[in-house]
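Engineer: In this note's numbering, the protein residues as written are 52 to 592. By construction, the Cβ of each residue, glycine as well, lies at the ideal position given by its N, Cα and C atoms. Predicted model only: the values in this text are computed from it and were never measured. A single structure is presented below for examination.
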Amino acid sequence: MSRSIAVAPAGQEAEPSLLEQDHAPARAGATLAAPPLTRDRHTPASGSVRRAPGVLALQRALGNQAAQRLLGRQRAGAAPPTTASPVIQRRALIGPTLAAPSADALADAAVAALHQDADVRRFASEAELQQFATQHLPGMGMLPGTTDWVRLDAPMTVLGEDHGDPQAPAILQATRIRNYRYEGYTHHSKTRQDNSPALRARIAAGEAAMHTRMGLAQSADEPTHDAEHALAKYARVLPDVQELIARQGRGGAAAAVGDVSVTAGAALGGAYSLAKALLGGLLNALVYAQSYGGKFFGHRLKTFYTENRAAVDAAIVQLSADLSAHPSPLVTDFAALAVTPRLPALAEAYEALAQDKLGMTKPATREAFKQSLGPGAPKVALTDAAEELDFLRDKSMFDTIKQAARAGDRLFVIGDAHRHKLQPLLDAEGIVAMRDDAFIDQQKRLNRDAGGGVTADAREQLITTAGKINPKPRPTVIGATFTLETPPGCQWVVTGATAADGAGSYTTTSPNVTLKLIWTVSGIPETVREISYTNLRRREP
Numbered sequence: 052m053s054r055s056i057a058v059a060p061a062g063q064e065a066e067p068s069l070l071e072q073d074h075a076p077a078r079a080g081a082t083l084a085a086p087p088l089t090r091d092r093h094t095p096a097s098g099s100v101r102r103a104p105g106v107l108a109l110q111r112a113l114g115n116q117a118a119q120r121l122l123g124r125q126r127a128g129a130a131p132p133t134t135a136s137p138v139i140q141r142r143a144l145i146g147p148t149l150a151a152p153s154a155d156a157l158a159d160a161a162v163a164a165l166h167q168d169a170d171v172r173r174f175a176s177e178a179e180l181q182q183f184a185t186q187h188l189p190g191m192g193m194l195p196g197t198t199d200w201v202r203l204d205a206p207m208t209v210l211g212e213d214h215g216d217p218q219a220p221a222i223l224q225a226t227r228i229r230n231y232r233y234e235g236y237t238h239h240s241k242t243r244q245d246n247s248p249a250l251r252a253r254i255a256a257g258e259a260a261m262h263t264r265m266g267l268a269q270s271a272d273e274p275t276h277d278a279e280h281a282l283a284k285y286a287r288v289l290p291d292v293q294e295l296i297a298r299q300g301r302g303g304a305a306a307a308v309g310d311v312s313v314t315a316g317a318a319l320g321g322a323y324s325l326a327k328a329l330l331g332g333l334l335n336a337l338v339y340a341q342s343y344g345g346k347f348f349g350h351r352l353k354t355f356y357t358e359n360r361a362a363v364d365a366a367i368v369q370l371s372a373d374l375s376a377h378p379s380p381l382v383t384d385f386a387a388l389a390v391t392p393r394l395p396a397l398a399e400a401y402e403a404l405a406q407d408k409l410g411m412t413k414p415a416t417r418e419a420f421k422q423s424l425g426p427g428a429p430k431v432a433l434t435d436a437a438e439e440l441d442f443l444r445d446k447s448m449f450d451t452i453k454q455a456a457r458a459g460d461r462l463f464v465i466g467d468a469h470r471h472k473l474q475p476l477l478d479a480e481g482i483v484a485m486r487d488d489a490f491i492d493q494q495k496r497l498n499r500d501a502g503g504g505v506t507a508d509a510r511e512q513l514i515t516t517a518g519k520i521n522p523k524p525r526p527t528v529i530g531a532t533f534t535l536e537t538p539p540g541c542q543w544v545v546t547g548a549t550a551a552d553g554a555g556s557y558t559t560t561s562p563n564v565t566l567k568l569i570w571t572v573s574g575i576p577e578t579v580r581e582i583s584y585t586n587l588r589r590r591e592p
């Protein structure tokens, strides 16, 4: 579906205007159906190009004089126009046509304040506007420190992030939702936590730290934010931990993960790093194994812990001290830990348990799931073994995403490599998924469209129209002349040709010609159509 946005001069009702939708269909933030445009269905003059109804609506909304200015053809190589769209007085924009709040709604001081300030806010209905103004309805709001309005329109949105530059904390602060999931939260069964105060305390400390980093409050009745099961996570992390240990053993320049030193005793600093994540993952895996130290029989982690009790306990103490050191966490000296040579056995135990938990014990089942994943994801593992086992985390996350969607959670945040691989499966489930920065860019574009009086229906009309525009006739030789149709609100930037007159006529001057159709919304130019012709022939003598 698409969201519609329209504008009218101050004091007038908005009419459907022009132009939503990027070159790919809109996903999050695009759940309001736009009514079809039914006016201005006149027949074009003979020989002219029929304009879509949305194009005519834009021309009407801007007025004839403004439309004529925008229709002026641009000289070759000239910069696109950057003047802002007409000033819009009302900023609380409602529904597909961006109607102004009613007089009854504006009688509420809180609604009036939102409508009168300079910030664009998009609402699905007047009731939603009133609820937001008086009760701060979750699911929408301004990104902290900005005037960028964001709203979670889809029942649930999956975002992929760069863990070193996360955008989701700002989205969570803006929308004030509590029913979200985040990769940093991991599911450990209640039985394991009840059996191990140490595990329970470590989970609580980790969740509190996550909330602090994200600038969010944590309540006594905080809902679960778990994004995956512990077994899958630790099965994946342990092969890379062994590689970290091997690099530490080699010493010198080889003792590094990326640009972070893993020399024994090296300071890790406060920023996110894979090395720090691996050390934390190892500590968690050991504490989880330790939770099987009670009366529990026939379990591989129970067997591992029973056989290595003293080594596991000592490693937990040392890793805990190193990772909580001040002013910086430190890299543990693995040569001094008795558990180090036993870690391959721990990795095997976690892999087998994760496969069993996720229904992945059969090779054919594992292979079928791997084949369903999207190809070309960036490699984020240190080892091929860890890269191979990453599918267990993908499966655990996918299962949890579906559970969270059924439970009514609004946002699910994972590393973008996982999002990339899961994209085909999420698309098949009808679950919106994209990069976190793409979501924010999408929201900014919707705000610009709203501020410029551009409906989603009208944007879609323009994109459709632009996609059909081609030079006539198609240039094949240097010196050929062609003409271009220019939709209202747009201008062409042409390289490799000169403007022959002011009616969209150009003559090629180079073997390579590029045509860019530029549309400027609220002063922001964007390319909506690009055409290239290469290796044009010279005219025969």
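Alpha carbon to alpha carbon, how far is glutamate 581 from lysine 523? Give it in angstroms, no decimals.
Structural biologist: The alpha-carbon atoms of lysine 523 and glutamate 581 are separated by roughly 15 Å.
Engineer: Using the C-alpha atoms, what's the distance from alanine 178 back to tyrosine 339?
Structural biologist: Rounded to the nearest angstrom, the two C-alpha atoms are 48 Å apart.
Engineer: Nearest to leucine 587 by alpha carbon, out of Ala156, Pro576, Thr391, Gly547?
Structural biologist: Among Ala156, Pro576, Thr391, Gly547, the Cα nearest to that of leucine 587 belongs to Gly547.
Engineer: Using DSSP bridges, identify the partner residues of leucine 462.
Structural biologist: According to DSSP, leucine 462 bridges with Thr208, Tyr231.
Engineer: Classify arginine 496 as buried or exposed, calling it buried when 16 or more other Cβ atoms lie within 10 Å of its own Cβ.
Structural biologist: Burial call: buried.
Engineer: Would the region 461 to 472 and the region 211 to 221 be scored as touching if the rule is three or more Cβ pairs under 8 Å?
Structural biologist: Touching, yes.
Engineer: Does DSSP put glutamate 279 in a helix, in a strand, or in coil?
Structural biologist: Here glutamate 279 sits in strand by DSSP.
Engineer: According to DSSP, simplified to helix, strand and coil, what is lysine 430?
Structural biologist: Coil at lysine 430, not helix or strand.
Engineer: For arginine 499, which option in Val201, Ala362, Met191 has the closest C-alpha, if you only look at C-alpha atoms?
Structural biologist: Of the listed residues, the one whose Cα sits closest to arginine 499 is Val201.
Engineer: Check each candidate in Pro538, Arg589, Arg590, Ala551 and name the one with the smallest Cα separation from lysine 567.
Structural biologist: The shortest C-alpha separation from lysine 567 is found at Pro538.
Engineer: What residue from Phe533, Thr571, Val528 has the CA that sits closest to arginine 589's CA?
Structural biologist: Nearest of Phe533, Thr571, Val528 to arginine 589, Cα basis: Val528.
Engineer: Mind checking which residues open and close the alpha helix (DSSP H) that includes glutamate 399?
Structural biologist: That run of the alpha helix (DSSP H) goes 394 to 408.
Engineer: Where are the alpha helix (DSSP H) runs, 4 residues long or more, that stay fully inside the region 319 to 350, in chain order?
Structural biologist: Listed in chain order, they are 325 to 341.
Engineer: Run through DSSP, which three-state label would glycine 192 get?
Structural biologist: Strand.
Engineer: Using C-beta distances below 7 Å, list every residue in its chain close to phenylalanine 348, excluding the 5 sequence neighbours before and after it, in chain order.
Structural biologist: The answer is none, since no qualifying residue turns up.
Engineer: What is the rounded straight-line gap between the Cα of glycine 410 and the Cα of alanine 283?
Structural biologist: The alpha-carbon atoms of glycine 410 and alanine 283 are separated by roughly 12 Å.
Engineer: Using DSSP with H/G/I as helix, E/B as strand and the rest coil, what is tyrosine 285?
Structural biologist: Tyrosine 285 falls in the helix class under three-state DSSP.
Engineer: Taking contact to mean 3 or more Cβ pairs, one atom from each stretch, closer than 8 Å, check whether the region 353 to 360 and the region 291 to 308 are in contact.
Structural biologist: With a cut-off of 8 Å, the region 291 to 308 and the region 353 to 360 do not count as touching, because too few Cβ pairs lie within range.
Engineer: Between the alpha carbons of glycine 309 and leucine 289, how many angstroms are there, rounded?
Structural biologist: Cα-Cα distance, rounded: 18 Å.
Engineer: Taking 8 Å as the cut-off, decide whether the C-beta atoms of aspartate 384 and leucine 329 are in contact.
Structural biologist: Contact flag unset, no.
Engineer: Could you check which residue in Lys421, Ile296, Met485, Tyr323 has the C-alpha nearest to that of arginine 393?
Structural biologist: The residue with the shortest Cα to Cα distance from arginine 393 is Ile296.
Engineer: Going by DSSP in three states, valine 564 sits in which element: helix, strand or coil?
Structural biologist: Looking at valine 564 - three-state DSSP - the assignment turns out to be strand.
Engineer: Can histidine 238 and histidine 187 be called in contact, C-beta distance under 8 Å?
Structural biologist: Cβ distance not < 8 Å, so histidine 238 and histidine 187 don't count as in contact.
Engineer: Three or more C-beta pairs closer than 8 Å, one from the region 503 to 516 and one from the region 475 to 486: is that the case here?
Structural biologist: In short, these stretches do not touch, since the Cβ pair count stays below three.
Engineer: How big is the Cα-Cα spacing for alanine 432 and glutamate 438?
Structural biologist: The straight-line gap from Cα to Cα measures roughly 5 Å.
Engineer: Grouping DSSP H, G and I as helix and E and B as strand, with all else coil, what is serine 270?
Structural biologist: Note: serine 270 maps to coil in three-state DSSP.
Engineer: Taking only the alpha-carbon atoms, compute the straight-line gap between leucine 144 and glycine 502 and give it to the nearest angstrom.
Structural biologist: Roughly 9 Å separates the two Cα atoms.
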